[in-house]
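Residue numbers (the working numbering): 3 to 721.
Notes follow the structure.
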Amino acid sequence: MNLVWLPQTEYGGTHEPSLGLAQDRGTLVEKLLVGNIQGLYPKTNQSKLPFLSELAREEDFMFIALTETHLSEGVKEAEICIPNYTSFRTDRKYRTHGGTIIFLRDDIALNAKTLLSYSDGQVELQAIYIQARNMVLINCYRPPRCCPKNFSSAMEALRHLRDSLSIPTPDIILTGDFNFPFLKWPEGILTGSTLADKCQAESLLEIANSTFLIQVITEPTRGKKILDLLFTNNCDAVNNISAEKTIFSDHNLLRIHTNYQKSTLPPEVTSPAEKNPFSSLNFFSSQVNWELINAQLRGTDWEAVLHDGDPEDMLNSLLTTILRACEGNVPLKKRQASRKSHIPKERKILMKRRAKLTQRILKTSNDKQKSSLQAKVSAVENKIKESHEKQRAWEENQAVENIKVNPKFFFKYCKKFSKTQVRVGPLQAENGEMSKNPQETCHILSQQYTKVLSKPKTTKIVRDPSKFFEDHSQHHHNLSNITFTTADLQKAISELKMNSAAGPDGVPSILLLKCKEALATPLYKIWRCSLDTGIIPTIHRISEESDALQLQANIQEIFKWAESNNMKFNEEKFELLRLGPNTELKDSTNIYTGGQQEISASHVVKCLGVHMNDDATFQQHIKETASKARRMVGWVHRTFKSREQEVMLTLWKALVQPVLDYCSQLWSPHKKGDIQELEFESRFPEISFYGPLWPAPYPWPRRYGADAVVVDENCAFAL
Numbered sequence: 003m004n005l006v007w008l009p010q011t012e013y014g015g016t017h018e019p020s021l022g023l024a025q026d027r028g029t030l031v032e033k034l035l036v037g038n039i040q041g042l043y044p045k046t047n048q049s050k051l052p053f054l055s056e057l058a059r060e061e062d063f064m065f066i067a068l069t070e071t072h073l074s075e076g077v078k079e080a081e082i083c084i085p086n087y088t089s090f091r092t093d094r095k096y097r098t099h100g101g102t103i104i105f106l107r108d109d110i111a112l113n114a115k116t117l118l119s120y121s122d123g124q125v126e127l128q129a130i131y132i133q134a135r136n137m138v139l140i141n142c143y144r145p146p147r148c149c150p151k152n153f154s155s156a157m158e159a160l161r162h163l164r165d166s167l168s169i170p171t172p173d174i175i176l177t178g179d180f181n182f183p184f185l186k187w188p189e190g191i192l193t194g195s196t197l198a199d200k201c202q203a204e205s206l207l208e209i210a211n212s213t214f215l216i217q218v219i220t221e222p223t224r225g226k227k228i229l230d231l232l233f234t235n236n237c238d239a240v241n242n243i244s245a246e247k248t249i250f251s252d253h254n255l256l257r258i259h260t261n262y263q264k265s266t267l268p269p270e271v272t273s274p275a276e277k278n279p280f281s282s283l284n285f286f287s288s289q290v291n292w293e294l295i296n297a298q299l300r301g302t303d304w305e306a307v308l309h310d311g312d313p314e315d316m317l318n319s320l321l322t323t324i325l326r327a328c329e330g331n332v333p334l335k336k337r338q339a340s341r342k343s344h345i346p347k348e349r350k351i352l353m354k355r356r357a358k359l360t361q362r363i364l365k366t367s368n369d370k371q372k373s374s375l376q377a378k379v380s381a382v383e384n385k386i387k388e389s390h391e392k393q394r395a396w397e398e399n400q401a402v403e404n405i406k407v408n409p410k411f412f413f414k415y416c417k418k419f420s421k422t423q424v425r426v427g428p429l430q431a432e433n434g435e436m437s438k439n440p441q442e443t444c445h446i447l448s449q450q451y452t453k454v455l456s457k458p459k460t461t462k463i464v465r466d467p468s469k470f471f472e473d474h475s476q477h478h479h480n481l482s483n484i485t486f487t488t489a490d491l492q493k494a495i496s497e498l499k500m501n502s503a504a505g506p507d508g509v510p511s512i513l514l515l516k517c518k519e520a521l522a523t524p525l526y527k528i529w530r531c532s533l534d535t536g537i538i539p540t541i542h543r544i545s546e547e548s549d550a551l552q553l554q555a556n557i558q559e560i561f562k563w564a565e566s567n568n569m570k571f572n573e574e575k576f577e578l579l580r581l582g583p584n585t586e587l588k589d590s591t592n593i594y595t596g597g598q599q600e601i602s603a604s605h606v607v608k609c610l611g612v613h614m615n616d617d618a619t620f621q622q623h624i625k626e627t628a629s630k631a632r633r634m635v636g637w638v639h640r641t642f643k644s645r646e647q648e649v650m651l652t653l654w655k656a657l658v659q660p661v662l663d664y665c666s667q668l669w670s671p672h673k674k675g676d677i678q679e680l681e682f683e684s685r686f687p688e689i690s691f692y693g694p695l696w697p698a699p700y701p702w703p704r705r706y707g708a709d710a711v712v713v714d715e716n717c718a719f720a721l
């Protein structure tokens with residue numbers, strides 16, 4: 003590969019090397035990964051993403067740019083998540099396959115923003131500005147036999163992006179699978195091709211030349227053809243490029259070593275240990291000795307332990323006694339390893355072996371030896387694939403086995419593929435420095451929220467609580483006492499669910515349920531003392547605010563209420579929905595906010611999660627509900643290989659049925675087409691259990707009128 007020094011440009015003179023380029027050989031430099039993945043998350047091969055995740059952990063790429071991802075809007079972000087990376091995706095519209103995605107490392111993605119996201123059903127194009135590198139990253143996918151009109155529209159969007167770039171021009175990387183096998187590189191010469199393909203290639207080369215982009219890929223990326231390209235206007239930043247064959251795609255993955263100096267953030271400070279000592283114990287383990295715990299609690303002299311009359315000290319003594327009874331009888335939770343060491347030892351060895359074989363392929367020039375080494379790489383990758391599949395199957399089986407015993411464990415596995423873990427930070431302080439320290443992050447957020455708080459009115463500040471809450475009523479029927487017994491406490495505890503979250507004191511619900519008889523006496527003493535003295539333990543103080551005035555229908559009254567309570571409405575978020583057939587009245591009247599700003603009418607308004615149209619129907623909500631349920635069904639089929647009845651019914655009741663049931667009494671459909679569409683989603687368990695060739699052993703729901711509910715001995719469906 004030849005390094006090319008770019009000529010003088012019209013934007014900013016000679017293109018100087020970026021400030022981020024490494025000048026010292028000992029400096030760590032950034033690496034990139036580019037390629038056509040041919041389905042990032044296919045149902046038949048779910049080991050591609052774990053392979054890329056572990057590769058990213060080992061290599062720490064600055065970004066991973068992939069094409070032909072085959073994703074749709076129904077695929078959740080959590081399903082394609084790579085730890086410590088932020089994804090930017092452009093899915094193909096109107097058709098399947100296609101699509102592009104860029105994974106940016108979190109420290110680089112912090113100030114990144116999307117400049118362009120384009121899809122016309124054939125060509126996908128996305129552009130991201132990376133502020134940390136002053137770089138514009140463009141990823142494109144053009145399918146074979148692309149319609150000239152579609153590619154021309156995509157190139158026009160790229161020209162608009164080019165013209166909008168600031169001066170001096172930032173570093174530009176344009177990569178992707180363009181499917182121009184007739185282009186000869188590095189010369190960029192057009193060889194034999196159809197007229198339509200030739201015109202499209204010329205359009206791409208015209209943009210590259212006008213932006214002074216040099217194509218640097220000179221090795222075949224699929225077979226003997228160069229289909230995946232990488233253009234850049236700063237060739238000094240590119241150090242080395244290697245094309246690696248892989249079993250996960252028929253395209254080679256391009257590993258690019260750059261001269262960009264690796265950015266460093268201050269080391270991440272781990273959060274302080276949790277103050278709740280019960281959180282480190284595994285109360286759902288089969289090794290918990292509940293008999294011994296109950297025996298120790300029953301044998302405790304509560305009169306001596308709770309001799310102090312202060313509820314605060316009594317509660318602390320109770321928690322200490324419970325914790326002492328649990329020590330040695332409840333096993334500790336297994337500590338999760340850090341993300342960097344999460345790769346199993348067996349796969350780590352395979353990954354290192356693959357890296358060594360790849361290096362040997364790059365160094366040798368003997369074709370026979372290359373072929374032999376490539377066969378070994380494929381064998382290693384097959385072992386990696388099998389390892390991922392076994393781990394995924396084992397994790398799913400563990401989750402399925404715990405559906406009844408520990409539902410929280412099962413749904414934790416579900417959330418792993420349905421919701422991304424949101425992390426706060428790093429955040430930028432007022433001095434411009436980035437911080438990942440938890441304490442500093444909390445301080446930055448606190449300052450930000452404090453800025454938008456209104457100042458309390460001096461007349462509303464309560465300075466003497468006892469005087470403020472003094473009873474001035476003349477009647478003598480005040481509630482002065484509440485009577486209850488230990489049996490009442492046991493009955494209240496029995497209503498708890500075993501997997502309910504712990505309260506402010508941290509005592510798990512399962513512990514209260516298993517030891518309710520032994521704990522009823524000390525709990526009664528603490529409650530009785532707290533009611534008699536009026537002292538509430540600090541950790542049990544929960545403040546709830548309720549409006550003192552009822553909002554009136556008149557908008558002016560609402561603003562008066564807000565002003566008297568030191569509040570302010572955001573007038574830009576007001577929405578107006580006009581109902582009724584009187585169009586003359588609608589056209590001749592206007593509604594204004596308290597600040598005399600006109601409220602524009604909307605065709606659809608969303609309130610409490612339900613869309614209502616201006617013709618008093620719920621047509622849009624019905625369509626969105628059916629679409630949401632369909633996407634959830636697709637997620638279940640992609641995530642779980644098991645088709646056992648218990649698994650499918652549990653997922654149906656927990657994930658799909660709530661979508662269809664939410665406010666269904668309000669928007670219940672009456673049109674036959676809407677009813678049939680929703681009924682199709684309700685047949686998800688039938689299709690999942692038995693498939694099209696197996697008859698269902700009992701009847702499934704059929705709609706008879708607007709309010710029909712079909713109940714079966716195994717499950718209930720309410721549409």
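Here a beta-carbon is modelled for each residue, glycine too, at the ideal position from N, C-alpha and C.
If you're wondering where the values come from, they're calculated on a predicted model, not measured in any experiment.
query: Who are the near neighbours of G100 in its chain, counting only those whose CB is closer than 7 Å to its CB and skipping five residues on each side?; result: E70, R94, E126, Y143 and P145
query: Can you say whether V464 is buried or exposed, counting buried as having 16 or more other CB atoms within 10 angstroms of its CB?; result: exposed
query: Put F286 into one of helix, strand or coil per three-state DSSP.; result: coil
query: Pick out whichever of S373, L320, S448 and S121 has its Cα sitting closest to the Cα of E432.; result: S448
query: If you measure between the beta carbons of I405 and E648, is that distance less than 9 Å?; result: yes
query: Is the number of C-beta pairs between the region 161 to 169 and the region 46 to 64 that are closer than 8 Å three or more?; result: no
query: Per DSSP, what kind of secondary structure is Y700 in: helix, strand or coil?; result: Any answer about Y700 is weak, because its pLDDT of 39 lies below 50 and its placement is not dependable; what the coordinates show is given next. Three-state result, Y700: coil.
query: What is the DSSP secondary structure of L325, counted as helix, strand or coil?; result: helix
query: Could you check the C-alpha separation between A156 and T177 for me, to the nearest Å?; result: 14 Å
query: By alpha-carbon positions, which one of P333, H390, I560 and V307 ends up nearest to V290?; result: P333
query: Less than 9 Å separating the beta-carbons of N770 and I216?; result: Missing from the structure shown is residue 770; the chain here goes from 3 to 721 and no further.
query: Per the DSSP calculation, Q430 is bridged to which residue(s)?; result: M436
query: Quick check on D179: buried or exposed, where buried means 16 or more other Cβ atoms within 10 Å of its Cβ?; result: buried
query: With 16 other CB atoms within 10 Å as the buried threshold, where does G396 fall?; result: For clarity, residue 396 is Trp in the given sequence; the question names Gly instead. It is exposed - the Cβ of W396 has fewer than 16 other Cβ atoms within 10 Å.
query: Is it buried or exposed, E600, if we count other Cβ atoms within 10 angstroms and call 16 or more buried?; result: exposed
query: Going along the chain, which residues of its own chain have a beta-carbon closer than 7 Å to the beta-carbon of N113, five neighbours each way excluded?; result: Q133 and A134
query: Taking the straight line between their C-alpha atoms, what separation do you get for R645 and R224?; result: 38 Å
query: Could you compute how far the alpha carbon of D676 sits from the alpha carbon of E79?; result: 29 Å
query: Excluding sequence positions up to five away, which residues of its chain have a Cβ less than 8 Å from the Cβ of W529?; result: F486 and L491
query: Looking only at DSSP bridge pairs, what is C121 linked to?; result: The residue you asked about is not Cys; residue 121 is Ser in the sequence shown. Note: S121 sits in a beta bridge opposite E126.
query: Note down, in chain order, each residue of its chain lying with its Cβ closer than 7 Å to the Cβ of S545, except the 5 sequence neighbours on either side.; result: At S545, the pLDDT of 44 sits below 50, so the modelled position is not reliable and the matter cannot be decided from this model.
query: To which residues of the same chain is F470 closer than 6 Å at the C-beta, ignoring the five residues directly before and after it?; result: V464
query: Of all the alpha helix (DSSP H) runs that stay within the bounds of the region 30 to 113, which reach a length of 4 or more residues?; result: 50 to 61 and 108 to 111
query: Please look up how many angstroms separate the CB atoms of N331 and I295, rounded, as I've assumed it's under 8 Å.; result: 5 Å
query: Rounded to the nearest angstrom, what separates E388 and S212 at their Cα positions?; result: 48 Å
query: Do three or more CB pairs link the region 279 to 289 to the region 83 to 93 at distances below 8 Å?; result: no
query: Mind checking whether K45 and R640 have CB atoms under 9 Å apart?; result: yes
query: Rank V77, E60, F576 and P539 by C-alpha distance to the C-alpha of I351 and give the top, closest one.; result: E60
query: What is the C-beta distance between A520 and L299, in whole angstroms, given that I count them as a contact (C-beta under 8 Å)?; result: 4 Å
query: Across which residues does DSSP place L578 in a beta bridge pair?; result: A603
query: Taking the alpha carbon of I484 as the reference point, which residue from S532, A239 and E391 has its own alpha carbon closest?; result: S532
query: Are the CB atoms of S74 and T98 nearer to each other than 9 Å?; result: yes
query: Any idea what DSSP makes of Q263, helix, strand or coil?; result: strand
query: DSSP state of K570, grouped into three classes?; result: coil
query: Do Q128 and T92 count as a contact pair if the criterion is CB distance below 9 Å?; result: yes
query: Decide yes or no for the touch test of the region 244 to 260 against the region 306 to 317: beta carbon pairs closer than 8 Å, at least 3 of them.; result: no
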